[in-house]
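Taken in sequence, the protein lines are chains G and Y.
Just so we're aligned, residue 1 is where the first sequence starts under this note's numbering, counting upward by one.
Just so we're aligned, residue 1 is where the second sequence starts under this note's numbering, counting upward by one.
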Amino acid sequence: MKSVQVQYFALFRERAGMSHERVETDATTLLELFNQLQHRHGTADPHGHCKVALNDVMAEWQQPFADGDTVLFFPPVAGG
Amino acid sequence: MPADLNLLPRMAITAEAIDVASLREQLFDHAAGAFVSFEGWVRNENEGKSVTRLAYEVYRPLALSIGEQIIDQTLQHVGARAALAVHREGELELGGCAVWVGVVSKHRDEAFRATRQIIDRIKVELPIWKKEFYADGDSGWVNCERCAAHGHSHAELINPV
């Protein structure tokens, strides 16, 4: 099991009722972790609209992560 | 082509009103013959709903680094001399300036193109979220609300605004 810090933003933060939490997980990719946390952020499939960052660097959904990492889940952005 | 103006950082996020005059002044450059700027304003309507105000949420560390990267790549690619961009966070009233982009270049074509590229990329690449508050008391995150619990096509979610 890995222990990671997960941060939620905007709609995800509101749905989760929190901005961050520590999560114990056996997920290997960021996509698996996202899916395990669906009860928090409420989104079934992040492809094509949601983004993920790992330790303040934009990441790919298939990317692995390590114990102690910080994972940021971004719902669809809308600047401007 | 490379600017001799020392403008770093060139991307900023602010919770205060954007000071357009001071930003323009920072770009003064005797080698530039063209200055183009873009302002995004808070509009009173979106997709048929009457909007009364907005709130922006920003993840600053990545918004700043990605914004810097966009400006850098655009200046290189287009060959403009210098650029600055600022995005608001927090609450804005109607008519408020939500985003400002300014570019100086030798000739106008580069300045127009670079301004367009920077604002287009800021809207889709920076971790910034817009919450609209409506006249009927409802509110919603732009581009998000249709991403309900169940997977469906998101092709229609690109915000053309």
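Don't be surprised by glycine CBs; every beta carbon is placed ideally from N, CA and C.
>> Here's the rule: buried if 16 or more other CB atoms are within 10 angstroms of the residue's CB, otherwise exposed. What is Val104/Y?
In response: With 16 or more neighbouring CB atoms inside 10 Å of its own CB, Val104/Y falls in the buried class.
>> Among Glu25/Y, Arg24/Y, Ala80/Y, whose alpha-carbon lies nearest the alpha-carbon of Arg116/Y?
In response: Of the listed residues, the one whose Cα sits closest to Arg116/Y is Ala80/Y.
> Using 7 Å as the limit for Cβ to Cβ distance, is Leu54/Y near chain G?
Replying inline: With 7 Å as the cut-off, Leu54/Y does not count as an interface residue toward chain G.
> With 7 Å set as the bound, which would you pick, yes or no: does the beta-carbon of Phe74/G sit closer than that to a beta-carbon of chain Y?
Replying inline: Yes - at least one Cβ of chain Y is within 7 Å of the one on Phe74/G.
>> I want to verify the contact list: residues of chain G whose CB lies under 7 Å from the CB of Lys123/Y, in sequence order.
In response: Within 7 Å Cβ-Cβ: Gly79, Gly80.
> Whose C-beta lies closer than 6 Å to the C-beta of Lys49/Y among residues of the same chain, with five residues either side of it excluded?
Replying inline: Taken in chain order, the residues that qualify are Tyr134.
>> Suppose contacts are defined by Cβ-Cβ distances below 7 Å. Is Leu30/G in contact with Cys144/Y by that definition?
In response: It is not a contact, given that the beta carbons lie outside the stated cut-off.
>> To the nearest angstrom, how far is the alpha carbon of Ala83/Y from that of Met1/G?
In response: Taking the CA atoms as reference points, Ala83/Y sits about 46 Å from Met1/G.
> Where does Val124/Y sit, in a helix, a strand or coil, going by DSSP?
Replying inline: Looking at Val124/Y - three-state DSSP - the assignment turns out to be helix.
>> Let me see if you follow: with CB-CB separation under 7 Å, is Lys130/Y close to chain G or not?
In response: So, interface residue.
> In its own chain, which residues sit with a C-beta less than 8 Å from the C-beta of Asn55/G, not counting the 5 before and 5 after it?
Replying inline: Closer than 8 Å at Cβ, skipping near neighbours: Asp69, Thr70.
> Sorted by chain position, which residues of the same chain lie with C-beta nearer than 7 Å to Gln84/G's C-beta, five sequence neighbours on each side aside?
Replying inline: Chain G is shown from 1 up to 80; residue 84/G falls before or after that span and cannot be answered.
> If you measure beta-carbon to beta-carbon, which residues of the segment 59–71 of chain Y are closer than 9 Å to chain G?
Replying inline: Hits within the stretch, in order: Tyr59, Pro61, Leu62, Ala63, Ser65, Ile66.
> Does any CB atom of chain Y fall closer than 7 Å to the CB of Asp56/G?
Replying inline: Yes, contact with chain Y.
> DSSP state of Gln5/G, grouped into three classes?
Replying inline: Secondary structure of Gln5/G (DSSP, three-state): strand.
> Between which two residues does the beta strand (DSSP E) carrying Ile13/Y extend?
Replying inline: Per DSSP, the continuous beta strand (DSSP E) segment holding Ile13/Y begins and ends at 11–14.
> What's the call for Trp41/Y, buried or exposed, on a 16-neighbour Cβ count within 10 Å?
Replying inline: Around the Cβ of Trp41/Y, a 10 Å sphere holds fewer than 16 other Cβ atoms; the residue is exposed.
> Between the Cα of Glu199/Y and the Cα atoms of Ile71/Y, Leu27/Y, Ala34/Y, which residue gives the shortest distance?
Replying inline: No statement about residue 199/Y is possible, as the shown extent of chain Y runs from 1 to 161 and does not include it.
> Going by Cα to Cα distance, which pick from Ala12/Y, Arg10/Y, Glu16/Y is closest to Gly96/Y?
Replying inline: When only C-alpha atoms are compared, the closest one is Glu16/Y.
> Using the beta-carbon of each residue, which ones in chain Y are nearer than 8 Å to Phe9/G?
Replying inline: The CB of Phe9/G comes closer than 8 Å to the CB of Glu57, Tyr59, Pro127, Trp129 in chain Y, given here in chain order.
> Between Arg13/G and the rest of its own chain, which residues show a CB-CB distance below 6 Å, the 5 nearest in sequence each way excluded?
Replying inline: Contacts found: Ser19.
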